[in-house]
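Residue numbers (this note's numbering): 0 to 207.
Below you'll find the structure, written out as structure tokens, and then a few comments.
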């Protein structure tokens, strides 16, 4: 089930045609007998994936992140309960359940953001998504520690800013890496064979 879960973005793209960044085979370009302008032989053109507005992408990424974050928290809860049940954690001496659930949610949320972005035809990096969440988490820890040394109302403001930082970091990590990847792949070139009764040539065609 887990494998099918992560393959769902690829399956969703199947109906959109071949991806715009996939390598394509050679195309034969033929010079007709009457016309003087070469024309391409009929060929199936790949369809570019739809461009979704930013708010739609963030909505899907956030919803998927919340879902996988809750799933990760439940896994952390189950891990704690199993450890307590087989006496790996002695009552009163082991850690509470909260750290286990927080670790599970911290792993699950960026994973869901990446998965939701892939569903929306994004091209972000899973590593960048986790990196953004990690940077946001470090910032949150720093602000929280600073709030303990501050007086109200500044301490409350610092804590309010610290809480959403890992979430914002996940979104920024995915969206920034997706934009960079698409810019790098903006130049598309492919070879094409041109044939006529007098000339044969191998040329480059593509998008600029």
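Backbone N, C-alpha and C define an ideal beta-carbon position, used for all residues, glycine too.
Per-residue DSSP class, three states only, for residue i
i	result
residue 156	helix
residue 50	coil
residue 180	helix
residue 123	coil
residue 149	coil
residue 163	coil
residue 78	helix
residue 128	helix
Residue i, buried or exposed, once every other Cβ within 10 Å from all chains shown has been counted against 16
i	result
residue 166	buried
residue 95	exposed
residue 64	buried
residue 80	exposed
residue 54	exposed
residue 148	exposed
residue 112	buried
residue 77	exposed
residue 159	exposed
residue 50	exposed
Supposed close pair residue i, residue j - CB separation, criterion 8 Å
i	j	result
residue 164	residue 146	Between residue 146 and residue 164 the Cβ distance is about 13 Å, and since that is not below 8 Å, they are no contact.
residue 62	residue 107	The Cβ separation is near 13 Å, so there is no contact.
residue 168	residue 135	3 Å
Alpha carbon of residue i to alpha carbon of residue j, nearest angstrom
i	j	result
residue 162	residue 99	18 Å
residue 140	residue 154	13 Å
residue 127	residue 117	14 Å
residue 56	residue 133	21 Å
residue 105	residue 144	19 Å
residue 68	residue 182	30 Å
residue 16	residue 150	Low confidence applies to residue 16: its pLDDT is 46, below 50, so where it sits in the model is not reliable, and the reading given next is rough at best. Distance between the alpha carbons of residue 16 and residue 150 is about 58 Å.
Best match in the options for proximity to residue i [C-alpha to C-alpha]
i	options	result
residue 177	150, 134, 119 and 159	119
residue 110	71, 135, 138 and 76	71
residue 171	142, 152 and 129	129
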